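The structure appears below as structure tokens.
Chains as they are written, first to last, in the working numbering: chain L, 1 to 423; chain R, 424 to 846.
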């Protein structure tokens, strides 16, 4: 359906400058953005108009990294170190998803949470349980959101109760999952080795072949902690660095979308490889400080032209809010500037807005901006609940959302021009 | 009135261990805590009982540092550096409070925000305008909250439009303000030089004399940024360090409550003086990273037995929520541990709970815990809005509040046993 939205329209651009259109019209045609207008044409005036008055109208946020089965216990066990956290919370919880009834109920909570969040699209980790992952895909399909969903592969260095019984069987499950996703218009299967520490190189290679066969995107973790980097070197002594383990397995290339979460401790050669291969870095600032892994050099990546977007990384991150993650990205960049490299200027609110939207465009093509032909993914935010005094301009109001937005300020959300239920 | 509250009761203790009392009774007598009970006596059973079922019942939080006139523009201008931020936002905004009508309206927003926050008491900076400060005190009195309120002294290195006309007149205004506060049962005037950079030493000495005369507490800023420390050395070359400028002026002593915000760059001698003089550090983690000032060595202070509580520091901090500030205290302590001193173990959720409550006890005596004879300052939180799966224990639920609590989860708030309006 074609329709018009009216309000204060803000969108980023590739140079990360926020463009503002006060009290303007957003014309939506067949689920796509047609144009931003100050005045409507005679034809446009015949269309349905939804007037959001003084609300802010933004492109839907793109959450580039989130673990669906960890949503249930977000905001807890953050005092534990990473290994204890995995052992005591993440792994036991994920193992419950072999029970499809449990998975149904738990994923219903996750999908509801994602509906009510500021994100319209997300790249999601499931578990190694094919049936549960298909249930997750089914629920996402039903929600109207659009997601990449990955069956998680892990065949070593994980507890017996959460390890693939055989790599061959796991690759077969992965292929079944990929084929099962053909039933869904809103879900793209994504190749998802948890990370090199828990996938043997032959599994990574097997996943590389599946990727090639079905022409799929890839997501995983890279260089998140110092000990993890050392561990990969120990496990794969032939590799020059962690990045090479994905690259050699055919899981990283400029010819398909590759998404790597964290990227805190990449060395210079690895940073060059991120750029050469058009890898999108999923920056997960909340997780990075919750888990005490470190401060990622995001300003450096942006200056080098590396693609960077935001990931909530629930439940290492405690919230699906990309406003909160954007705020935290700004805050941690200030600590990076203060303590690590004063040549890396802190991120600004406009940078954070870019990261939450256009930064993910290589993963979700034609998303993240109000450009002609782009998907009509829209969030509408009523910031009048933030009581204040004074007339603030739209850039000030956008900045304030990063610091103070709560989900109850989200009054409407559209994906491909379709309204998403916020209940 | 004597009454009973029922729910899941949690309180900290001086060793920072959280004590939990599932489904218990909190007995309140004449505005004070009488006891926590599993069973009520025959007499107690005759009292009114308010059953909060599965809610969490916590001591009201103590906000040790907040600038009331900056509340109106919280969450904005965080991309500016500290000097620009003061010049473009803080100082122009504060200057508006010479207009009592403006002050009335703006302080009404602040007091409403404080009512709806998780804090029951706060130590507040006003401006240099006596009439506006008395209006702030009046509104706090009316709200039922309890606050220290300070008329802010500043006679140098600030814009002409926001500088005392003479130190003598300013000290007279300060004394008038102190006397004016005698009308209020809920407000204690507190001696409040903005900080040494903006108060000449003779003004600090004059304030020291007023403090002595009226036996008042003191609040100010200390060692917040590197450039500020250098600037104080330049302004007061006789001083061995920043701390000495307050000490020599009679504004720091173990014989009266002294509150110093930030304390990031104190040297070893200054740290010893904090301890010797029983200074309470107002740790303002949100502000410290928003303004890029740095990471405060809070674990070190706690290990040394220095008193530390939390300050929202609105509007360098963007929120009055001490849950969010507690979370941020945990997060920044992890960065301190990772990048500055790995012998300083990260703060835990139980540490953050202590900081938000008992950590401020020297500033608000007999507050911050459910101990016999302590003020019946209580917040009641319904965390059922955080949808989850699984039975979490009370310590997990407390931790989760630091990461996910929003003000709409606050269902009741009491100060001295009196219910505070949350509208």
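Quick reminder that beta carbons are idealized off the backbone N, C-alpha and C, glycines included.
Treat the numbers as computed from the prediction; the structure is a model and nothing was measured.
What does a CB cutoff of less than 6 Å around residue 484 of chain R pick up in its chain, not counting 5 residues either side in sequence?
As a working note, residue 484 of chain R is residue 61 in the second chain. Here the set comprises 541, 542, 745, 779.
Same chain, Cβ closer than 7 Å to residue 580 of chain R, five either side skipped, listed in chain order:
By one-based count along the second chain, residue 580 of chain R stands at place 157. 620, 621, listed in sequence order.
Close-in-space but distant-in-sequence residues of the same chain around residue 808 of chain R (CB under 6 Å, 5 per side omitted)
The residue you call residue 808 of chain R lines up with position 385 of the second chain. Taken in chain order, the residues that qualify are 832.
Rank L/280, L/195, L/395, L/25 by C-alpha distance to the C-alpha of residue 425 of chain L and give the top, closest one.
The displayed coordinates of chain L run from 1 to 423. Any statement about residue 425 of chain L would go beyond what the structure contains.
Skipping 5 residues on each side, what residues in its chain have a beta carbon closer than 8 Å to that of residue 607 of chain R?
As a working mapping, residue 607 of chain R is identified with position 184 in the second chain. The residues are 560, 561, 563, 564.
I want to verify the contact list: residues of chain R whose CB lies under 8 Å from the CB of residue 399 of chain L, in sequence order.
Start at 1 with the first residue of the first chain, and residue 399 of chain L comes out as number 399. The answer, in chain order, is 498, 499, 500, 501, 502.
What are the boundary residues of the alpha helix (DSSP H) that includes residue 655 of chain R?
Taking the second chain and counting its residues from 1, one reaches residue 655 of chain R at position 232. Segment 649 to 658, the alpha helix (DSSP H) holding residue 655 of chain R.
Opposing strand residues paired with residue 841 of chain R [DSSP bridges]
Start at 1 with the first residue of the second chain, and residue 841 of chain R comes out as number 418. Residue 841 of chain R is bridged to R/838.
Are any of the Cβ atoms in chain R nearer than 8 Å to that of residue 139 of chain L?
Within the first chain, residue 139 of chain L is the residue found at index 139, counting from 1. No, no contact with chain R.
CA-to-CA distance, residue 251 of chain L to residue 782 of chain R, given in whole angstroms
Position 359 of the second chain, counted from the first residue, corresponds to residue 782 of chain R. Position 251 of the first chain, counted from the first residue, corresponds to residue 251 of chain L. Roughly 51 Å separates the two Cα atoms.
Does any residue of chain R bring its CB to less than 8 Å from the CB of residue 331 of chain L?
In the first chain, the residue the question calls residue 331 of chain L occupies position 331. Chain R, which has a Cβ nearer than 8 Å to the Cβ of residue 331 of chain L, makes this yes.
Starting from the N-terminal side, write out each stretch of the alpha helix (DSSP H) that is 4 residues or longer and does not extend beyond the segment 749 to 813 of chain R.
772 to 779
Taking the Cβ atom as the reference point for each residue, do residue 704 of chain R and residue 696 of chain R lie within a distance shorter than 8 Å?
Here residue 704 of chain R is taken as the residue at index 281 of the second chain, counted from 1. Here residue 696 of chain R is taken as the residue at index 273 of the second chain, counted from 1. No, these two residues do not count as a Cβ contact at 8 Å.
Is residue 466 of chain R close to chain L? Criterion is C-beta to C-beta, closer than 8 Å.
As a working note, residue 466 of chain R is residue 43 in the second chain. For residue 466 of chain R, the answer is no, since every Cβ of chain L falls outside 8 Å of its Cβ.
Taking a cut of 9 Å between CB atoms, which residues from the segment 174 to 186 of chain L lie near chain R?
none
Kindly examine the ligand PLP and report whether one of its heavy atoms sits closer than 7 Å to the Cβ of residue 554 of chain R.
In the structure shown, the ligand PLP is absent, as is every other ligand, since no ligand is present at all.
N- and C-terminal bounds of the alpha helix (DSSP H) containing residue 528 of chain R
Against the second chain, residue 528 of chain R aligns to sequence position 105. It spans 523 to 539 - the alpha helix (DSSP H) in which residue 528 of chain R sits, taken as one unbroken run.
Name the chain L residues that come within less than 9 Å of residue 718 of chain R, Cβ to Cβ?
Start at 1 with the first residue of the second chain, and residue 718 of chain R comes out as number 295. Here the neighbours are 335, 338, 339.
What residues in its chain sit with their C-beta under 7 Å from that of residue 519 of chain R, if we drop five residues either side in the sequence?
In the second chain, counting from the first residue as 1, residue 519 of chain R sits at position 96. Around residue 519 of chain R: 525.
Quick one: what's got a C-beta closer than 8 Å to residue 113 of chain L's C-beta in the same chain, skipping five residues either side?
By 1-based counting over the first chain, the position of residue 113 of chain L is 113. 71, 320, listed in sequence order.
Does residue 808 of chain R come within less than 8 Å of chain L when only Cβ atoms are used?
Within the second chain, residue 808 of chain R is the residue found at index 385, counting from 1. Chain L contact via Cβ: absent.
Beta-carbon contacts of residue 672 of chain R that lie in its chain and below 8 Å, excluding the five residues immediately before and after:
Taking the second chain and counting its residues from 1, the one referred to as residue 672 of chain R is at position 249. So the list reads 624, 627, 628, 630, 631, once near-sequence residues are dropped.
Do you know whose CA, among L/14, L/24, L/11, lies nearest residue 5 of chain L's CA?
By 1-based counting over the first chain, the position of residue 5 of chain L is 5. Selected option, being the one with the closest Cα: L/24.
Run the CB neighbour count on residue 582 of chain R, radius 10 Å, all protein chains shown included, and call it buried at 16 or more, exposed below.
Counting from one through the second chain, the residue named residue 582 of chain R turns up at place 159. So residue 582 of chain R ends up on the exposed side.
Compare the C-beta of residue 404 of chain L with all C-beta atoms of chain R and state if any pair is closer than 8 Å.
One-based indexing of the first chain puts residue 404 of chain L at position 404. Yes, its Cβ sits closer than 8 Å to a Cβ of chain R.
Could you tell me if residue 182 of chain L is buried or exposed, where buried requires 16 or more neighbouring beta carbons within 10 angstroms of its beta carbon?
Position 182 of the first chain, counted from the first residue, corresponds to residue 182 of chain L. Exposed is the call here.
Extract the residue ranges of the alpha helix (DSSP H) inside the segment 635 to 710 of chain R, only unbroken runs of 4 or more that lie entirely within it.
649 to 658, 665 to 671, 691 to 699
The alpha helix (DSSP H) enclosing residue 95 of chain L, as first and last residue numbers:
Start at 1 with the first residue of the first chain, and residue 95 of chain L comes out as number 95. Segment 91 to 95, the alpha helix (DSSP H) holding residue 95 of chain L.
Residue-level contact to chain R via CB, residue 59 of chain L, 8 Å cutoff:
The residue labelled residue 59 of chain L in the question sits at position 59 within the first chain. No, because no Cβ of chain R sits closer than 8 Å to the Cβ of residue 59 of chain L.
Residue 370 of chain L vs residue 49 of chain L beta-carbon contact at 8 Å
Here residue 370 of chain L refers to the residue found at position 370 when the first chain is read from its first residue. Here residue 49 of chain L refers to the residue found at position 49 when the first chain is read from its first residue. Going by C-beta atoms, residue 370 of chain L is not nearer than 8 Å to residue 49 of chain L.
Strictly under 8 Å for the Cβ-Cβ distance: is residue 3 of chain L near chain R by that measure?
The residue you call residue 3 of chain L lines up with position 3 of the first chain. So, not an interface residue.
Which of helix, strand or coil DSSP assigns to residue 14 of chain L:
On the first chain, position 14 is the one that residue 14 of chain L refers to. Three-state DSSP puts residue 14 of chain L in coil, outside helix and strand.
Beta bridge counterpart(s) of residue 452 of chain R as assigned by DSSP:
Taking the first residue of the second chain as 1, we reach residue 452 of chain R at position 29. In the DSSP output, where bridge partners are listed per residue, residue 452 of chain R has R/455.
Within this structure, are the beta carbons of residue 593 of chain R and residue 644 of chain R separated by less than 8 Å?
As a first step, residue 593 of chain R must be located in the second chain, where it is residue number 170. As a first step, residue 644 of chain R must be located in the second chain, where it is residue number 221. Against a cut-off of 8 Å, the Cβ pair of residue 644 of chain R and residue 593 of chain R comes out as no contact.
With H, G and I counted as helix, E and B as strand and the rest as coil, what does DSSP make of residue 550 of chain R?
As a first step, residue 550 of chain R must be located in the second chain, where it is residue number 127. Coil at residue 550 of chain R, not helix or strand.
Give the DSSP-derived three-state secondary structure of residue 503 of chain R in the structure shown.
Indexing the second chain from 1 puts residue 503 of chain R at position 80. Coil at residue 503 of chain R, not helix or strand.
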